[in-house]
């Protein structure tokens, strides 16, 4: 969590958005009994329940599992050109869970049931069949790996367009890791 906080703080300062710092906070829910070994679907269900009692602004959650904890690295280098005075080299990845998975296309005019099924599957080329990931053979499994270096930019990207998740230039099917590059 400290690496994520450092990366975010550094990114905000680099982007000259310090005015946002007082409003930034990470809600951390630590419940080993409920989350250790839990599926991404179980985490999403808990997230949806949590969001239902709060603001509808929450769209996705970061899930830091054991693999993410073990993959995280942080090295600080001096940098005269960076407003923070240093550059952070971050390694590792976290899981980004789409809290609205399965709800993307509800109430969209002009979409028939076949289109809805194809879009939810992410199978727009109608080429059925993906290797199962946690029992799902659809293109969009409702979560993805995200490079820890770009976690700070996700909020900006998702705020620009509420349907960012469904755009193929953002979502990368696991085991691929989204590196922040738009495709």
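Residue numbers (my numbering): 221 to 403.
Glycine is no exception: its CB is placed at the ideal position from the N, C-alpha and C atoms.
Supposed close pair residue i, residue j - CB separation, criterion 8 Å
i, j, result
"residue 282", "residue 316", "6 Å"
"residue 357", "residue 365", "That pair is no contact at about 18 Å."
"residue 399", "residue 361", "Not quite, the Cβ-Cβ distance comes to about 18 Å (not below 8 Å), so this is no contact."
"residue 293", "residue 271", "The pair is not a contact, with the Cβ atoms about 31 Å apart (cut-off 8 Å)."
Closest Cα partner of residue i within the set the options
i, options, result
"residue 290", "358, 373, 394 and 314", "314"
"residue 225", "363, 308, 361 and 393", "308"
"residue 265", "287, 280 and 400", "280"
"residue 247", "262, 284 and 232", "284"
"residue 320", "363, 310, 396 and 297", "363"
"residue 257", "286, 322, 374 and 401", "286"
"residue 233", "391, 359 and 373", "373"
"residue 235", "354, 303, 393 and 377", "303"
"residue 268", "296, 322, 300 and 390", "322"
"residue 242", "359, 252 and 229", "229"
"residue 397", "355, 300, 299 and 288", "288"
Environment of residue i [buried if 16+ CB atoms lie within 10 Å]
i, result
"residue 223", "buried"
"residue 273", "exposed"
"residue 305", "exposed"
"residue 277", "exposed"
"residue 312", "buried"
"residue 260", "buried"
"residue 263", "buried"
"residue 332", "Note on residue 332: pLDDT 46, under 50, position unreliable in the model; the coordinate value appears next. Exposed."
"residue 318", "buried"
"residue 227", "buried"
Cβ-based neighbour list, residue i, same chain, cut-off 8 Å, excluding 5 preceding and 5 following
i, result
"residue 330", "Note that residue 330 scores a pLDDT of 46, beneath 50, so its modelled location is shaky and nothing firm can be said."
"residue 394", "353, 361, 363, 364 and 365"
"residue 240", "232"
Cutoff 6 Å; reference residue i; Cβ partners in own chain excluding five residues on either side
i, result
"residue 297", "307"
"residue 231", "372"
"residue 295", "309"
> Where are the alpha helix (DSSP H) runs, 4 residues long or more, that stay fully inside the region 247-318, in chain order?
Replying inline: Taken in chain order, the whole alpha helix (DSSP H) runs of length 4 or more contained in the region 247-318 are 252-255, 260-271 and 286-291.
>> Quick check for students: name the residue ranges of the beta strand (DSSP E) that lie wholly in the region 352-379, counting only runs of 3 or more.
In response: DSSP runs (the beta strand (DSSP E)) wholly in the region 352-379: 363-367.
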